[in-house]
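Structure, as structure tokens:
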Amino acid sequence: MSNTKLTGSFVALITPFNKDGSVDFAAFRTLLKFHEDNGTSAILIMGSTGESSMLSPEEKKQIIVETAKMKTGRMPIFFGCTGNNTETTIGNVRFAKDNGADGAILAAPAYICAPEADIEGFFLDVADATDLPLGIYNNPPRVKSDLHWDNLLRIFKHPNYVVHKESTGRVGQVAQVLAGKPNVAVMCCDSPNLGLVVPTMSLGGHGTANMTGNIAPAELATISTPWTSYREAEGFKNAYLSLLPLLHYTYSAINPVAVKSLMKALGMPAGDLRKPLTNLEGEALAKGIRIVQELGLDKRYGYNIKPLSAVAA
Numbered sequence: 020m021s022n023t024k025l026t027g028s029f030v031a032l033i034t035p036f037n038k039d040g041s042v043d044f045a046a047f048r049t050l051l052k053f054h055e056d057n058g059t060s061a062i063l064i065m066g067s068t069g070e071s072s073m074l075s076p077e078e079k080k081q082i083i084v085e086t087a088k089m090k091t092g093r094m095p096i097f098f099g100c101t102g103n104n105t106e107t108t109i110g111n112v113r114f115a116k117d118n119g120a121d122g123a124i125l126a127a128p129a130y131i132c133a134p135e136a137d138i139e140g141f142f143l144d145v146a147d148a149t150d151l152p153l154g155i156y157n158n159p160p161r162v163k164s165d166l167h168w169d170n171l172l173r174i175f176k177h178p179n180y181v182v183h184k185e186s187t188g189r190v191g192q193v194a195q196v197l198a199g200k201p202n203v204a205v206m207c208c209d210s211p212n213l214g215l216v217v218p219t220m221s222l223g224g225h226g227t228a229n230m231t232g233n234i235a236p237a238e239l240a241t242i243s244t245p246w247t248s249y250r251e252a253e254g255f256k257n258a259y260l261s262l263l264p265l266l267h268y269t270y271s272a273i274n275p276v277a278v279k280s281l282m283k284a285l286g287m288p289a290g291d292l293r294k295p296l297t298n299l300e301g302e303a304l305a306k307g308i309r310i311v312q313e314l315g316l317d318k319r320y321g322y323n324i325k326p327l328s329a330v331a332a
């Protein structure tokens, strides 16, 4: 795995819940097959899209154990393993490795707002403690810490790092990382508000680490295909411009409120958000359904669109 560079659509999967609020493992199996069948290259489980901060430690371990059993070998599964400190994170990564993970994605520990030098040390300490392939999620909107490209390029000299997902608002950061030619897959968030997708792919990025692929996996696979000729560039342009309404919609509320609410309305096995988050209703939800219908995604994927009254029940 460490010698194989990930490319394409790396989808941050939702965590599906049953009506009683427990984790729905049958739904996990259905969703993983859905992505394998529709061009997703790799999956991240228990990222921010997976409501990881609201899962209990026991649930996180159970999710790793059970979903790792669902692998078919065609689509690597990474797990979000960031803890609230270095030792907890190392423990999470080791547990994931021992139970079949293909890799782990790490962000800076939330809330502590540590300086960049300390976060650089955090990533290197974790990498020294395992041989599991790792990825960095530079996500300042969620964790405050924002690593400079100098920090990142030093970290990426460590052989255990294989993926970089960028979510900074500094568009030039992606160019600086790519110019440094690290031996990692350079990917970006699919948020149109950050505006990273076009520069990342045009400058030689390897794909996107996205959440909109939960609903439009084949379209995100097209957008996330590295450019080797004019054909990929043209396919990217057409797919990206047509999908902009959905991209804006999935980021219209804090992740994963819009995407998970819409998935439930489309008849996908998603369940409700975990409280205190609540599902979108009324016009906010209807707008997403209209976008799906206007793009023809309901027909492409056979979505069973439910009346709004039924979704809210």
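The sequence shown runs 20 to 332 under my numbering. The beta-carbon is built from N, C-alpha and C at its ideal position, and this holds for glycine as well.
Buried/exposed call for residue i, threshold 16 Cβ in 10 Å
{"i": "residue 35", "result": "buried"}
{"i": "residue 39", "result": "exposed"}
{"i": "residue 79", "result": "buried"}
{"i": "residue 308", "result": "buried"}
{"i": "residue 192", "result": "buried"}
{"i": "residue 20", "result": "Low confidence applies to residue 20: its pLDDT is 42, below 50, so where it sits in the model is not reliable enough to give any reading."}
{"i": "residue 263", "result": "exposed"}
{"i": "residue 91", "result": "exposed"}
{"i": "residue 76", "result": "exposed"}
{"i": "residue 70", "result": "buried"}
{"i": "residue 137", "result": "exposed"}
{"i": "residue 322", "result": "buried"}
{"i": "residue 124", "result": "buried"}
{"i": "residue 132", "result": "exposed"}
{"i": "residue 41", "result": "exposed"}
{"i": "residue 319", "result": "exposed"}
Per-residue DSSP class, three states only, for residue i
{"i": "residue 44", "result": "helix"}
{"i": "residue 133", "result": "coil"}
{"i": "residue 279", "result": "helix"}
{"i": "residue 227", "result": "strand"}
{"i": "residue 255", "result": "helix"}
{"i": "residue 36", "result": "strand"}
{"i": "residue 209", "result": "coil"}
{"i": "residue 76", "result": "helix"}
{"i": "residue 168", "result": "helix"}
{"i": "residue 214", "result": "coil"}
{"i": "residue 71", "result": "helix"}
{"i": "residue 93", "result": "coil"}
{"i": "residue 299", "result": "coil"}
{"i": "residue 287", "result": "coil"}
{"i": "residue 193", "result": "helix"}
{"i": "residue 273", "result": "coil"}
{"i": "residue 319", "result": "helix"}
{"i": "residue 175", "result": "coil"}
{"i": "residue 383", "result": "In the structure displayed, the chain extends from 20 to 332; residue 383 sits before or after that span and is not available."}
{"i": "residue 49", "result": "helix"}
{"i": "residue 187", "result": "coil"}
{"i": "residue 308", "result": "helix"}
Pairwise C-alpha distance: residue j and residue i
{"i": "residue 270", "j": "residue 228", "result": "14 angstroms"}
{"i": "residue 166", "j": "residue 326", "result": "44 angstroms"}
{"i": "residue 285", "j": "residue 190", "result": "33 angstroms"}
{"i": "residue 237", "j": "residue 28", "result": "9 angstroms"}
{"i": "residue 287", "j": "residue 235", "result": "12 angstroms"}
{"i": "residue 146", "j": "residue 305", "result": "45 angstroms"}
{"i": "residue 60", "j": "residue 50", "result": "14 angstroms"}
{"i": "residue 44", "j": "residue 37", "result": "9 angstroms"}
{"i": "residue 16", "j": "residue 46", "result": "The question about residue 16 has no answer, for the chain in this structure spans 20 to 332."}
{"i": "residue 149", "j": "residue 98", "result": "14 angstroms"}
{"i": "residue 246", "j": "residue 105", "result": "37 angstroms"}
{"i": "residue 183", "j": "residue 206", "result": "6 angstroms"}
{"i": "residue 53", "j": "residue 103", "result": "32 angstroms"}
{"i": "residue 299", "j": "residue 81", "result": "28 angstroms"}
{"i": "residue 108", "j": "residue 72", "result": "14 angstroms"}
{"i": "residue 314", "j": "residue 56", "result": "20 angstroms"}
{"i": "residue 239", "j": "residue 283", "result": "20 angstroms"}
{"i": "residue 96", "j": "residue 251", "result": "25 angstroms"}
{"i": "residue 212", "j": "residue 157", "result": "16 angstroms"}
{"i": "residue 316", "j": "residue 141", "result": "42 angstroms"}
{"i": "residue 324", "j": "residue 310", "result": "12 angstroms"}
{"i": "residue 292", "j": "residue 197", "result": "36 angstroms"}
{"i": "residue 163", "j": "residue 177", "result": "24 angstroms"}
{"i": "residue 225", "j": "residue 26", "result": "5 angstroms"}
Anticipated Cβ contact below 8 angstroms, residue i with residue j, distance rounded
{"i": "residue 279", "j": "residue 33", "result": "5 angstroms"}
{"i": "residue 83", "j": "residue 115", "result": "5 angstroms"}
{"i": "residue 87", "j": "residue 66", "result": "The pair is not a contact, with the Cβ atoms about 16 angstroms apart (cut-off 8 angstroms)."}
{"i": "residue 199", "j": "residue 180", "result": "Contact doesn't hold; Cβ gap of about 13 angstroms is too wide."}
{"i": "residue 231", "j": "residue 265", "result": "6 angstroms"}
{"i": "residue 152", "j": "residue 175", "result": "13 angstroms between Cβ atoms; not a contact."}
Residue(s) in a DSSP beta bridge with residue i
{"i": "residue 61", "result": "29"}
{"i": "residue 204", "result": "182"}
{"i": "residue 153", "result": "123, 180"}
{"i": "residue 99", "result": "124"}
Any chain C beta carbon closer than 8 angstroms to residue i
{"i": "residue 286", "result": "You won't find chain C in this structure, because it holds only one protein chain."}
The ligand GDP heavy atom lying under 7 angstroms from the CB of residue i
{"i": "residue 286", "result": "In terms of ligand content, the structure shown is empty, and the ligand GDP therefore cannot be addressed."}
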